[in-house]
Amino acid sequence: MAAASSATLKSSSVIDKCEWIKGQSLRQASAAFVRCHPTSPSALTVRASSYADELVKTAKTIASPGRGILAMDESNATCGKRLASIGLENTEANRQAYRTLLVSAPGLGEYISGAILFEETLYQSTTDGKKMVDVLVEQNIVPGIKVDKGLVPLPGSNNESWCQGLDGLSSRTAAYYQQGARFAKWRTVVSIPNGPSALAVKEAAWGLARYAAISQDSGLVPIVEPEILLDGDHGIDRTFEVAQKVWAEVFFYLAENNVMFEGILLKPSMVTPGAESKDKATPQQVADYTLKLLHRRIPPAVPGIMFLSGGQSEVEATLNLNAMNQSPNPWHVSFSYARALQNTCLKTWGGRPENVKAAQDTLLVRAKANSLAQLGKYTGDGESEEAKKGMFVKGYVY
Ligand code: 13P
Numbered sequence: 008m009a010a011a012s013s014a015t016l017k018s019s020s021v022i023d024k025c026e027w028i029k030g031q032s033l034r035q036a037s038a039a040f041v042r043c044h045p046t047s048p049s050a051l052t053v054r055a056s057s058y059a060d061e062l063v064k065t066a067k068t069i070a071s072p073g074r075g076i077l078a079m080d081e082s083n084a085t086c087g088k089r090l091a092s093i094g095l096e097n098t099e100a101n102r103q104a105y106r107t108l109l110v111s112a113p114g115l116g117e118y119i120s121g122a123i124l125f126e127e128t129l130y131q132s133t134t135d136g137k138k139m140v141d142v143l144v145e146q147n148i149v150p151g152i153k154v155d156k157g158l159v160p161l162p163g164s165n166n167e168s169w170c171q172g173l174d175g176l177s178s179r180t181a182a183y184y185q186q187g188a189r190f191a192k193w194r195t196v197v198s199i200p201n202g203p204s205a206l207a208v209k210e211a212a213w214g215l216a217r218y219a220a221i222s223q224d225s226g227l228v229p230i231v232e233p234e235i236l237l238d239g240d241h242g243i244d245r246t247f248e249v250a251q252k253v254w255a256e257v258f259f260y261l262a263e264n265n266v267m268f269e270g271i272l273l274k275p276s277m278v279t280p281g282a283e284s285k286d287k288a289t290p291q292q293v294a295d296y297t298l299k300l301l302h303r304r305i306p307p308a309v310p311g312i313m314f315l316s317g318g319q320s321e322v323e324a325t326l327n328l329n330a331m332n333q334s335p336n337p338w339h340v341s342f343s344y345a346r347a348l349q350n351t352c353l354k355t356w357g358g359r360p361e362n363v364k365a366a367q368d369t370l371l372v373r374a375k376a377n378s379l380a381q382l383g384k385y386t387g388d389g390e391s392e393e394a395k396k397g398m399f400v401k402g403y404v405y
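Residue numbers (the numbering used here): 8 to 405.
Next up, the structure:
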């Protein structure tokens, strides 16, 4: 595979400054092969990424105690919807202003270990002319990149979708590494009300596995995200059943593609009733179901489970995470929230320069609350009414 060799090997200040890659030089990705029983006709060839050690290190850095991921990788279309909600036009300047606010919130790195960026942001500068990735690295935050190209209808299924982006992925991941990214995200979805059909689940799992193998080959830790959508009126047991099926297939294909489990991160949905269900689950119930699922399906070699918020309110997402961290887990159980970290922050900003500081403070409040939840020490005291509002949107796209 082409990987780093196909990219411009220009040096980057990011690479010079990164703690977690100190002492590691840029290299051509030369595949390492381990051949077992070489004389046997059924010889097994296992391919290990030349970045193996670095992948493990990056994954561990992201999965560090009391920290989680800020997902700020909304596509331009989705970012436009966010900006429209506060009366702003979807211009590059407005997206830049908002993302500058996020990455430069003072002290963010105490609670945030990684930030997922959209491609535009990976190559963008802040409003005062510094590269966004450099600002993140100075904050001790690992830059990541959304690499999927979004969802399209899956022919032959029950109105389900599949995720685009494998074509040309290895050259893109190599270039993203050069630009300073050290992890990647690929979000595909599974819909419970629409099935899920066996075809849609298999396609989701296979796509994630191919993406994960390609990312590791370029030195990027893949976040594996089969989002089981909140849409539907089903109960929590149905979500549990579907999640078991989905994760079984995902790990089957990850293994088939020789993905190194120590060098991945997962981004599951929590196991909850459907958003339109008459039942509501307590944080304790969500934690019990979700941890049962993880224990049944996720090998302990995986370093971190970084949940998405999926339309839960900011407080709900934090309470649920806290409930999952009341006793030790085999993996780092943490967050990779977009809406549940950004909602109050965006509203507080409202596009006004004079509100930047207040908006950054609210981002830090949420980041700290989730940091405490990662440590199992969040109490839920003193939360605002805004932070308790749900954000579920039917048929949400990212
Ligand atoms: P939410 O936390 O808003 O669900 O977004 C997380 C994410 O990155 C979805 O891919």
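Just so you know, even glycine gets a beta-carbon here, dropped at the ideal spot from N, CA and C.
Values in this document were obtained by computation on a predicted structure and should not be read as measured data.
State yes or no: is the C-beta of Trp193 within less than 8 Å of the C-beta of Glu232?
yes
Output the boundary residues of the beta strand (DSSP E) element that contains Thr195.
190-197
For Pro229: DSSP bridge partner residues
Looking at the DSSP output, Pro229 shares a beta bridge with Ala191.
Assuming Asp240 and Ser284 make a contact with CB atoms under 8 Å, what is their CB distance in whole Å?
5 Å
Span separating the alpha-carbon of Thr65 from that of Ser71
10 Å
Three-state class that DSSP yields for Gly87 in the structure shown:
helix
Apply the 10 Å Cβ neighbour rule to Gly408 and answer buried if 16 or more other Cβ atoms are within range, or exposed otherwise.
With the chain covering 8 to 405 only, the question about residue 408 has no answer from this structure.
Taking the straight line between their C-alpha atoms, what separation do you get for His302 and Trp254?
11 Å
Is Leu272 near ligand 1, going by C-beta to nearest heavy atom under 7 Å?
no
Taking the alpha carbon of Phe259 as the point to measure from, which residue in Glu210, Ile119, Leu236 has its own alpha carbon closest?
Glu210
Spell out the partners DSSP gives Phe342 in its beta bridges.
Phe314
Taking its Cβ as the centre, do 16 or more other Cβ atoms sit within 10 Å of Lys384, making it buried, or is it exposed?
exposed
Identify whether Pro162 lies in helix, strand or coil by the three-state DSSP scheme.
coil
Going by DSSP, name the residue or residues bridged to Pro150.
Ala122
What are the boundary residues of the alpha helix (DSSP H) that includes Ala78?
Careful: Ala78 lies outside any alpha helix (DSSP H), inside the beta strand (DSSP E) at 75-79.
Could you please give me the residues that DSSP links to Leu272 through a beta bridge?
Ile230, Gly311
Look up Lys138 in the DSSP assignment and say whether it is helix, strand or coil.
Assigned with DSSP and collapsed to three states, Lys138 falls in strand.
Classify Lys395: buried if its beta carbon has 16 or more other beta carbons within 10 angstroms, exposed otherwise.
exposed
Return yes when at least one heavy atom of ligand 1 lies under 7 Å from the C-beta of Arg194, else no.
At least one heavy atom of ligand 1 is nearer than 7 Å to the Cβ of Arg194, so yes.
Per the DSSP calculation, Ser71 is bridged to which residue(s)?
None; Ser71 has no bridge partner.
From this set, Asp295, Trp338, Met331, Lys299, which residue's C-alpha is nearest Ile5's C-alpha?
The structure shown does not extend to residue 5, since the chain spans only 8 to 405, so no value can be given for it.
Relative to the alpha-carbon of Gln186, which residue among Val110, Cys352, Gln223, Gln131 has its alpha-carbon at the smallest distance?
The closest CA to that of Gln186, considering only Val110, Cys352, Gln223, Gln131, is found on Gln131.
Going by Cα to Cα distance, which pick from Thr98, Leu237, Leu173, Glu263 is closest to Lys406?
Because the chain here runs from 8 to 405, residue 406 falls outside it and cannot be looked at.
Drop a sphere of 10 angstroms on the beta-carbon of Gly214, count the other beta-carbons inside from all chains shown, and report buried for 16 or more, exposed for fewer.
buried
Length of the line joining the Cα atoms of Asn265 and Ala220:
7 Å
Using beta-carbon positions only, say whether Arg74 and Gln381 come within less than 8 Å of one another.
yes
Go ahead and pull the three-state DSSP assignment for Gly389.
The answer is coil: DSSP assigns Gly389 none of H, G, I, E or B.
Could you pull out every residue in the same chain whose Cβ sits closer than 7 Å to the Cβ of Thr369, ignoring the five residues on either side in sequence?
So the qualifying residues of the chain are Thr351, Cys352, Thr355.
Which residue's Cα is closest to the Cα of Glu234: Thr246, Ser225, Asp224, Val228?
Thr246
List the endpoints of the continuous beta strand (DSSP E) containing Ser177.
Unbroken run through Ser177 is the alpha helix (DSSP H), 176-185; no beta strand (DSSP E).
Where does the unbroken beta strand (DSSP E) through Ser168 begin, and where does it stop?
Boundaries of the beta strand (DSSP E) harbouring Ser168: 168-170, taken from the DSSP string.
Examine ligand 1 and report whether any of its heavy atoms sits within less than 7 Å of the Cβ of Arg106.
no
What separation, rounded to the nearest whole angstrom, lies between the Cα atoms of Glu390 and Asn362?
20 Å
If I follow the unbroken alpha helix (DSSP H) through Asn377, where does it start and stop?
Asn377 -> alpha helix (DSSP H) spans 363-381.
Closer than 7 Å by C-beta to Gln103: which residues in its own chain qualify, once you throw out the five before and the five after it? Chain order, please.
The residues are Gln131, Thr134.
Who are Ser132's beta bridge partners in DSSP?
Answer is Lys138, bridged to Ser132.
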